[in-house]
Amino acid sequence: MAVKTQKREKGALWRDIKRNKACYGMLAPFMIFFILFTAVPVLMSLPMGFTDFDMARPPKFVGLSNFTTLFFSDKIFMRSIRVTIVFALLTGPVSYVLCFLLAWLINEMHPKLKTFFTLIFYAPSMANVYTVWKLIFSGDMNGYLNSFLIDLGIINAPVQWLTDGRYVLGVTIVVQLWISLGAGFLALRAGFQNIDRSMYEAGAIEGIRTRWQELIYIVIPSMGPQLMFAAVMQIVSSFTAGTVAQNLVGFPSTDYKAHTIMTHAFDYGWQRFEMGYASAICMILFAAMFLLNKLISKVLGKYMD
Amino acid sequence: MAEINTAKLRGSNRQAGRKYGGSVVIFLFLALLGLFMFLPIYLTVIMSIKPVEELFVFPPKLYAVRPTLDNFRDMFRVLHQNRVPFSRYVFNSIFVTVTVTVLQCVFSSMAAFVLAKCRFPGSKFINGVIVVALLYQSSVIYIMQYIVMAKLHMIDTYMALIFPAIASPMGLFLMRQSISQVPDSMIEAAKVDGAGLFRICWQIVIPNQKPALMTLIIFAFQGAWNIQTGSVVFREQYKTLPTVVTQAASSGLARAGVAMAAAVFLLIPPIVIFMLAQRQVIETMAHSGIKE
Numbered sequence: 002m003a004v005k006t007q008k009r010e011k012g013a014l015w016r017d018i019k020r021n022k023a024c025y026g027m028l029a030p031f032m033i034f035f036i037l038f039t040a041v042p043v044l045m046s047l048p049m050g051f052t053d054f055d056m057a058r059p060p061k062f063v064g065l066s067n068f069t070t071l072f073f074s075d076k077i078f079m080r081s082i083r084v085t086i087v088f089a090l091l092t093g094p095v096s097y098v099l100c101f102l103l104a105w106l107i108n109e110m111h112p113k114l115k116t117f118f119t120l121i122f123y124a125p126s127m128a129n130v131y132t133v134w135k136l137i138f139s140g141d142m143n144g145y146l147n148s149f150l151i152d153l154g155i156i157n158a159p160v161q162w163l164t165d166g167r168y169v170l171g172v173t174i175v176v177q178l179w180i181s182l183g184a185g186f187l188a189l190r191a192g193f194q195n196i197d198r199s200m201y202e203a204g205a206i207e208g209i210r211t212r213w214q215e216l217i218y219i220v221i222p223s224m225g226p227q228l229m230f231a232a233v234m235q236i237v238s239s240f241t242a243g244t245v246a247q248n249l250v251g252f253p254s255t256d257y258k259a260h261t262i263m264t265h266a267f268d269y270g271w272q273r274f275e276m277g278y279a280s281a282i283c284m285i286l287f288a289a290m291f292l293l294n295k296l297i298s299k300v301l302g303k304y305m306d
Numbered sequence: 004m005a006e007i008n009t010a011k012l013r014g015s016n017r018q019a020g021r022k023y024g025g026s027v028v029i030f031l032f033l034a035l036l037g038l039f040m041f042l043p044i045y046l047t048v049i050m051s052i053k054p055v056e057e058l059f060v061f062p063p064k065l066y067a068v069r070p071t072l073d074n075f076r077d078m079f080r081v082l083h084q085n086r087v088p089f090s091r092y093v094f095n096s097i098f099v100t101v102t103v104t105v106l107q108c109v110f111s112s113m114a115a116f117v118l119a120k121c122r123f124p125g126s127k128f129i130n131g132v133i134v135v136a137l138l139y140q141s142s143v144i145y146i147m148q149y150i151v152m153a154k155l156h157m158i159d160t161y162m163a164l165i166f167p168a169i170a171s172p173m174g175l176f177l178m179r180q181s182i183s184q185v186p187d188s189m190i191e192a193a194k195v196d197g198a199g200l201f202r203i204c205w206q207i208v209i210p211n212q213k214p215a216l217m218t219l220i221i222f223a224f225q226g227a228w229n230i231q232t233g234s235v236v237f238r239e240q241y242k243t244l245p246t247v248v249t250q251a252a253s254s255g256l257a258r259a260g261v262a263m264a265a266a267v268f269l270l271i272p273p274i275v276i277f278m279l280a281q282r283q284v285i286e287t288m289a290h291s292g293i294k295e
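Taken in order, these protein sequences are the chains called A and B. Basically our numbering = 1-based index in the first sequence + 1. Basically our numbering = 1-based index in the second sequence + 3.
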């Protein structure tokens, strides 16, 4: 009896699949490349966290020892968790609000100014200009910031922005914020352009008089998908940040003050070639981001279809 | 009466029915913040045209006293010393960038349409997988990707540069989110008229998604243009511009001018594409008529 129902279910599923073959056909080109170059590598990397792998010899299974080491004896990992949380809390929400606020304000401008301002705010995330930031924060009198502050009489002697433990995290956060108006910002800009004109017209008839009301009652409710996209991009960029610090304040940074989890993984993976340990670090980070993403989609859920 | 009114508003650059004050304040706010945001890029451009002796004077100046193209000339001189002619790198970069951008946009749009608007066995699962793939970052992934490419004999070919960049979860996610806003009634109506999914996608849905599609083009182009050949291509004749230009510029702060020149040079194509695509995005609003 049970076998029969199973068979029937199988038949129904098969019919369902056959009925939707156009869907699979249109999905196929993307999925082929996605499976080969993203899904398969991800699946291959998952077990690595439970191994000892130095890239020269085949990986050796070591159970949970990577994770126990991480949580019980790796003091620098503990510090990197703290740095990452501080870093993500300061850059993530600020940048998210900034992305939305700027996208909205730009939308209120004349069309010709829209392109201009969008370019100005987006350009930093296109450019690779660590060299110029190094010169701005350079520790001698030639540094732009130092010479500017000396001119103003705020400081007497040059400050070692990039090597003084008190400043490295701050400097990293500033530069991260500067490049953070990226994918999320542009997606929100596109979202604003996509809001139907008739919505505004209807709103005006129903008595909406200020920009603020328009934002609350018309714009935000019709931007759910873009807000979700920007949130995901923000989680990724603020939690996996590491390149800014590595390029700017050196690696490792003074007293590990700007040492994020991703930097820690880079340290073990590409400096010490302990790939097993590095992927264990990445798995912990992934778990944290996954939970956060679940939480945010719950919050934004009411704006989604 | 109402018709005349709407026409008038469309003619002006205002959005319908809105006469809110405060635009000047907003403009000033954006301009000031924009100035701050633009400063590092401005400095990059200025330093790329500063002669060497001006690079490290005190106090540092915000402009070039005697602007010069020496840095750019230096950069190209280094590049011309390579065994492979410079035009080959240009060709490689254009070929890789155009292929990746076109394939990524076409494949992602189709897949995003299906994932956003069709329910079929596995659709929920794939939707979830895309977000997970976005969140999953690992330093081992590149090694695994390398292993896959080696198994498929793609190392040291154009394929190693192009194929991994085509299926970007971010591009798909962007399009999916945007297409999910298209009213189902529009698709149902097209189905009643006898249009197949493929036609609905390309003739009805995607033309309506200009802002998202243009944004995807910007992302795809930018990503593809910056592909560095790194560890998957070793033969000189397959290297891309960013790879060789970065090589030419990377010799510490003494070559800061050349590094700036390289940064400026590499920034030009993405900015051009950005301007072209953004103009399309903004025109969408001006001309968008009835949606439903």
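Every residue gets a Cβ at the ideal spot worked out from N, C-alpha and C, and that includes glycine. Because the structure is a prediction, the values reported are computed rather than measured.
Report task. Just grab the DSSP bridge partners of ASP53 (chain A) for me. Result -> Position 52 of the first sequence, counted from the first residue, corresponds to residue 53 (chain A). According to DSSP, ASP53 (chain A) bridges with A:LYS61.
Requested in this report: Could you check how far apart the C-beta atoms of THR264 (chain A) and PHE252 (chain A) are, in whole angstroms? I think they sit under 8 Å.
Outcome: One-based indexing of the first sequence puts residue 264 (chain A) at position 263. One-based indexing of the first sequence puts residue 252 (chain A) at position 251. Contact holds; Cβ gap of about 7 Å.
Query raised in the report: If you pair each beta-carbon of the region 80 to 99 of chain B with each one of the region 241 to 254 of chain B, do three or more pairs fall below 8 Å?
Result: yes
Report task. For ASP306 (chain A), decide whether its Cβ has a neighbour in chain B, counting only Cβ atoms nearer than 7 Å. Result -> Counting from one through the first sequence, the residue named residue 306 (chain A) turns up at place 305. Any answer about ASP306 (chain A) is weak, because its pLDDT of 47 lies below 50 and its placement is not dependable; what the coordinates show is given next. So yes, ASP306 (chain A) belongs to the interface.
Query - Spatial distance of ILE219 (chain A) from ARG122 (chain B) (CA atoms) - result: Counting from one through the first sequence, the residue named residue 219 (chain A) turns up at place 218. Counting from one through the second sequence, the residue named residue 122 (chain B) turns up at place 119. Between ILE219 (chain A) and ARG122 (chain B), the C-alpha separation is close to 29 Å.
Report task. Would you list, in chain order, the members of the region 104 to 115 of chain A that have their beta-carbon closer than 8 Å to a beta-carbon of chain B? Result -> LEU106, ILE107, GLU109, MET110, HIS111, PRO112, LEU114 and LYS115
Query raised in the report: Can you tell me whether GLY26 (chain A) is buried or exposed, with buried defined as 16 or more other CB within 10 angstroms of its CB?
Result: The residue given as residue 26 (chain A) occupies position 25 in the first sequence. Looking at its Cβ environment, which holds fewer than 16 other Cβ atoms inside 10 Å, GLY26 (chain A) is exposed.
Query - GLY174 (chain B), enclosing alpha helix (DSSP H) - first and last residue - result: Taking the first residue of the second sequence as 1, we reach residue 174 (chain B) at position 171. It spans 172 to 182 - the alpha helix (DSSP H) in which GLY174 (chain B) sits, taken as one unbroken run.
**Report entry** Candidates B:VAL60, B:MET78, B:THR47 and B:LEU137, of which the one nearest ALA251 (chain B) by Cα
**Finding:** For the purposes of this step, residue 251 (chain B) is taken as the residue at position 248 of the second sequence. Per the Cα distances, B:MET78.
**Report entry** Residue environment, GLU215 (chain A), which counts as buried when at least 16 other CB atoms sit within 10 Å
**Finding:** As a first step, residue 215 (chain A) must be located in the first sequence, where it is residue number 214. The residue in question, GLU215 (chain A), is buried, as its Cβ has 16 or more Cβ neighbours within 10 Å.
Query - Straight-line gap, THR9 (chain B) to TYR201 (chain A) (C-alpha atoms, nearest Å) - result: Counting from 1 along the second sequence, the entry for residue 9 (chain B) is found at position 6. Counting from 1 along the first sequence, the entry for residue 201 (chain A) is found at position 200. Any reading at THR9 (chain B) must be qualified, since the residue scores a pLDDT of 39, below 50, and its modelled position is unreliable; no value is offered.
Requested in this report: Residues of the region 79 to 95 of chain A with a CB closer than 7 Å to any CB of chain B: list them in chain order, please.
Outcome: none
Query raised in the report: By the criterion of Cβ-Cβ separation under 9 Å, what are the contact partners of SER26 (chain B) in chain A?
Result: Within the second sequence, the letter at position 23 stands for residue 26 (chain B). Correct list: GLU109, MET110 and HIS111.
Query raised in the report: Is DSSP giving ILE262 (chain A) helix, strand or coil here?
Result: The residue you call residue 262 (chain A) lines up with position 261 of the first sequence. If DSSP states are grouped into helix, strand and coil, ILE262 (chain A) belongs with the helices.
Report task. Spell out whether any CB of chain C is found under 7 Å from the CB atom of SER238 (chain A). Result -> Considering every chain present, this structure includes no chain C. Its protein chains are A and B.
Query raised in the report: Cβ of GLN161 (chain A) versus every heavy atom of the ligand NAD: is any distance shorter than 6 Å?
Result: You won't find the ligand NAD in this model; it holds no ligand whatsoever.
Query raised in the report: Can you find a CB in chain A that lies within less than 7 Å of the CB of ALA5 (chain B)?
Result: One-based indexing of the second sequence puts residue 5 (chain B) at position 2. Bear in mind that a pLDDT of 39 at ALA5 (chain B), under 50, signals an unreliable position, so the number given afterwards is only what the model happens to contain. So no, ALA5 (chain B) is outside the interface.
Query raised in the report: Whose C-alpha, out of A:ASN294, A:MET276 and A:PHE291, is nearest the C-alpha of LYS61 (chain A)?
Result: Reading the first sequence from its first residue, position 60 is the one you call residue 61 (chain A). Ranking A:ASN294, A:MET276 and A:PHE291 by Cα distance to LYS61 (chain A) puts A:MET276 first.
Query - Contact list for the region 269 to 285 of chain B against chain A, Cβ threshold 8 Å - result: LEU269, LEU270, PRO273, ILE274, PHE277, MET278, GLN281, ARG282, VAL284 and ILE285
Query - Integer Cβ distance of MET40 (chain B) from TRP179 (chain A), believed to fall under 8 Å - result: If you number the second sequence from 1, residue 40 (chain B) lands on position 37. If you number the first sequence from 1, residue 179 (chain A) lands on position 178. With a Cβ gap of about 7 Å, MET40 (chain B) and TRP179 (chain A) count as contacting.
Requested in this report: Measure from the C-beta of ASP17 (chain A) to each C-beta in chain B and report whether the shortest distance is under 7 Å.
Outcome: Here residue 17 (chain A) refers to the residue found at position 16 of the first sequence. ASP17 (chain A) counts as touching chain B.
Query raised in the report: Expressed to the nearest angstrom, what Euclidean distance is found between the alpha-carbon atoms of THR100 (chain B) and GLN107 (chain B)?
Result: Translated into the one-based positions of the second sequence, residue 100 (chain B) becomes position 97. Translated into the one-based positions of the second sequence, residue 107 (chain B) becomes position 104. Those two C-alpha atoms are separated by around 10 Å.
**Report entry** Alpha-carbon spacing of GLY239 (chain A) relative to VAL41 (chain A), whole angstroms
**Finding:** Taking the first residue of the first sequence as 1, we reach residue 239 (chain A) at position 238. Taking the first residue of the first sequence as 1, we reach residue 41 (chain A) at position 40. Before going on, a small fix: residue 239 (chain A) reads as Ser here, not Gly. One C-alpha to the other measures close to 26 Å.
Report task. Go ahead and label SER51 (chain B) buried or exposed: buried means 16 or more other beta carbons lie within 10 angstroms of its beta carbon, across all protein chains shown. Result -> To locate residue 51 (chain B), count along the second sequence from 1; it is residue 48. With 16 or more other Cβ atoms within 10 Å, it is buried.
Requested in this report: Using three-state DSSP, classify LYS295 (chain A) as helix, strand or coil.
Outcome: Sequence index remark: in the first sequence, residue 295 (chain A) carries index 294 (1-based). Reduced to three states, the DSSP call for LYS295 (chain A) is helix.
Query raised in the report: Looking only at C-alpha atoms, which of A:TYR131, A:ARG80 and A:LEU102 sits nearest to LEU304 (chain B)?
Result: Residue 304 (chain B) is absent from the model: chain B starts at 4 and stops at 295.
Query - At least 3 beta-carbon pairs within less than 8 Å: the region 90 to 108 of chain A vs the region 188 to 197 of chain A - result: yes
Query raised in the report: Can you name the start and end residues of the alpha helix (DSSP H) that PHE252 (chain A) belongs to?
Result: In the first sequence, residue 252 (chain A) corresponds to position 251, counting from 1. From DSSP, PHE252 (chain A) is part of no alpha helix (DSSP H); its letter is neither H nor E.
Report task. Identify, in the order they occur along the chain, each residue of the same chain with its Cβ nearer than 7 Å to the Cβ of SER46 (chain A), setting aside the five sequence neighbours on each side. Result -> In the first sequence, residue 46 (chain A) corresponds to position 45, counting from 1. Hits under 7 Å: SER280.
**Report entry** Neighbourhood of ILE49 (chain B) by C-beta distance below 8 Å, restricted to the same chain and skipping five residues each side
**Finding:** The residue you call residue 49 (chain B) lines up with position 46 of the second sequence. Same-chain partners within the cutoff: LEU65, TYR66 and ALA67.
Query raised in the report: Beta carbon of ALA227 (chain B), beta carbon of ILE207 (chain B): below 7 Å?
Result: The count along the second sequence starts at 1 and reaches residue 227 (chain B) at position 224. The count along the second sequence starts at 1 and reaches residue 207 (chain B) at position 204. Cβ atoms of ALA227 (chain B) and ILE207 (chain B): not closer than 7 Å.
Query - Contacting positions in the region 167 to 186 of chain B - beta carbon closer than 7 Å to chain A - result: PRO167, ILE169, ALA170, PRO172, MET173, LEU175, PHE176, LEU177, GLN180, SER181, SER183 and GLN184
Report task. Check distances from the C-beta atoms of the region 243 to 258 of chain A to those of chain B and list, in chain order, the residues that come in under 9 Å. Result -> none
Query - Near-chain A residues of the region 222 to 245 of chain B (beta-carbon distance less than 7 Å), N- to C-terminal order - result: PHE222 and GLN225
Query raised in the report: Quick one: what does DSSP say CYS121 (chain B) is sitting in, helix, strand or coil?
Result: To locate residue 121 (chain B), count along the second sequence from 1; it is residue 118. In this structure, CYS121 (chain B) counts as coil in the three-state DSSP scheme.
**Report entry** Contacts around VAL93 (chain B), its chain only, beta-carbon distance under 7 Å, and the 5 residues preceding and following it disregarded
**Finding:** Locating residue 93 (chain B) in the second sequence gives position 90, where the first residue counts as 1. Contacts found: LEU244.
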